[in-house]
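Notes follow the structure.
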Amino acid sequence: MLRELGNIATRRGVQDLAQERYGSALALYRTLGDRWGESSVLNNLGNLAYDCGDYITAQGHLMAALTLYRESGNLPGEAKALNNLANVAADCQDYGTALRRYREALQIHQTLQNQLAQSAVLNNLGALYWGLGLYPEARKVYERALAMFRESNNLQAEGECLANFSLLELHAGNLQVALRLGHQAVDASQRSGDAPNLANASTYLGKTYTALGQFDAAEDWYQKARAIRSEVPHAGRVLELNAELAALTLRRGDPVKALMEIAPVLQALQTDDALEGAEEPYHVYWVCYQILSANADPRAPVILAQARERLLNQTERIPEPELRRSFLENILTHRRIMEE
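According to numbering that gives the first Met the number 0, the sequence shown is numbered sequentially starting from 0.
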């Protein structure tokens, strides 16, 4: 009962209450010696920390859950923890670890013939392919996952997949498709009460409207996303939102105001972990560079050099040469940073 109350609070975006309920459930399961229940709550706590962008805490809870799942021979639980650990690795741009863990989770679910669980991993794998610039591969797995979610009437997962799909189509240049998918994602997330994904979908709509040159609509969606993030905080993605709003000001022809708006972002970038969990960290650097350049600010080449160094360091962590090439060449912002 306590764990389910935590789940309800999580879905509603009331994270403090969710933390309290999960904490009480964890203490109870440990008192009772119920390792099955303990592992389930640890998994929940890991996901809650992940949604808040607290990746160190998330990894700690999820690794503890994985250990308990394996000790008890709980294969579905093991696959679930592997999938969630892969999410953490992907958000921290550790793509090699993420890819390995997604594949391990998918293999277990395929062995168990658990189609619903497979669809969740496929959705996450699609996001990883997107992050590597493998757009055709991402589209294929999103299509598979979306069909499975709809067949099982999983509205929350459908909304998440639609949001991811919309971001993919935006980067592939299919703006009207991205717009349609983005609005579908917002609708599904509102109906399922998924606040974190509603913030993501709203952000992606802001990006799409910006690409379409509809700046008022873009600002409206960015502000909606920021309002949600005030209730469901995530430092890396709030920083992205602030950068997008400053970029919008630059697009509207006011570089001086854009420089004022980007100042807190530039300040935050002085710390190594400022962009943890940001979906497009190098786009934040690129926006900063563009705004600084538009103001003939001497910091422009410095921020560009920082972005290039970070990008190359991350590329070295990608295990396969073809994936490294895709990461550097297929993603427009990455290509711009390397060619500027």
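Where is the CB? At the ideal position from N, CA and C, for every residue including glycine. On a predicted model such as this, the values are computed, not experimentally measured, just so you know.
- The alpha-carbon separation between N42 and G36 amounts to approximately 10 Å.
- The three-state reading of DSSP puts D15 in helix, counting H, G and I together.
- Distance from the Cα of Q114 is smallest, within the candidate group A146, I261, S325, E321, for A146.
- DSSP places N43 within a helical segment (H, G or I) once states are collapsed to three.
- Two segments are said to touch when three or more pairs of C-beta atoms, one from each, lie closer than 8 Å; by this definition the stretch 157–166 does not touch the stretch 14–27.
- Here S292 carries a helix assignment [DSSP, helix/strand/coil].
- In the three-state reduction of the DSSP assignment, V264 falls in the helix class, which pools H, G and I.
- Residues G132, R334 of the same chain have their beta carbon placed closer than 8 Å to that of E328, with the five preceding and five following residues left out of the count.
- Between the stretch 296–307 and the stretch 276–284, the count of Cβ pairs shorter than 8 Å is three or higher; the stretches touch.
- With contacts defined as CB atoms closer than 8 Å, A48 and H60 qualify as a contacting pair.
- By the CB criterion at 8 Å, A85 and N46 fall outside the cutoff.
- By the 16-neighbour rule on beta-carbons within 10 angstroms, V231 is buried.
- Of the residues R190, W129, E218, the one whose Cα lies closest to the Cα of T202 is E218.
- Straight-line spacing of the CA atoms in I330 and Y28 works out to 46 Å.
- Unbroken alpha helix (DSSP H) stretches of 4 residues or longer found wholly inside the stretch 146–184: 154–170, given in chain order.
- Residue nearest to L240 within the set D253, V255, K223 is K223 (criterion: CA-CA distance).
- The DSSP-derived three-state label of H108 is helix.
- Annotated as proximal: Y221 and L244, with beta-carbon spacing under 8 Å.
- DSSP places C287 in the helix class (H, G or I) of the three-state scheme.
- Burial check for V301: the Cβ neighbour count within 10 Å stays below 16, so the residue is exposed.
- In this chain, the alpha helix (DSSP H) harbouring S325 covers 320–328.
- Apart from sequence neighbours up to five positions away, the residues of its chain that approach A64 with a beta-carbon distance below 6 Å are S38, L41, N42, A80, ordered along the chain.
- DSSP places I55 within a helical segment (H, G or I) once states are collapsed to three.
- When secondary structure is reduced to three states using DSSP, G212 falls in the coil class, being assigned neither helix nor strand.
- In this model, A246 and L154 are separated by some 33 Å (Cα to Cα).
- Between N294 and P320 the beta-carbon gap is near 39 Å, outside 8 Å, which marks them as no contact.
- Short of 7 Å from the beta carbon of G125, and not among the five residues preceding or following it, lie these beta carbons of its own chain, in chain order: A137, V140, Y141, A144, N163.
- By the Cβ neighbour-count rule, R236 is buried, with 16 or more other Cβ atoms within 10 Å of its own.
- Between I290 and L249, the C-beta spacing is below 8 Å.
- Its chain contains T9, Q14, P195, V231, H233 as the residues whose beta carbon lies nearer than 8 Å to that of D50, once the 5 sequence neighbours on both sides are disregarded; these appear in chain order.
- In the DSSP annotation of this structure, the continuous segment of the alpha helix (DSSP H) that includes A88 starts and ends at 74–90.
- Straight through space, the alpha carbons of A57 and V87 are spaced by roughly 7 Å.
- The Cβ-Cβ distance between E157 and A187 falls below 8 Å.
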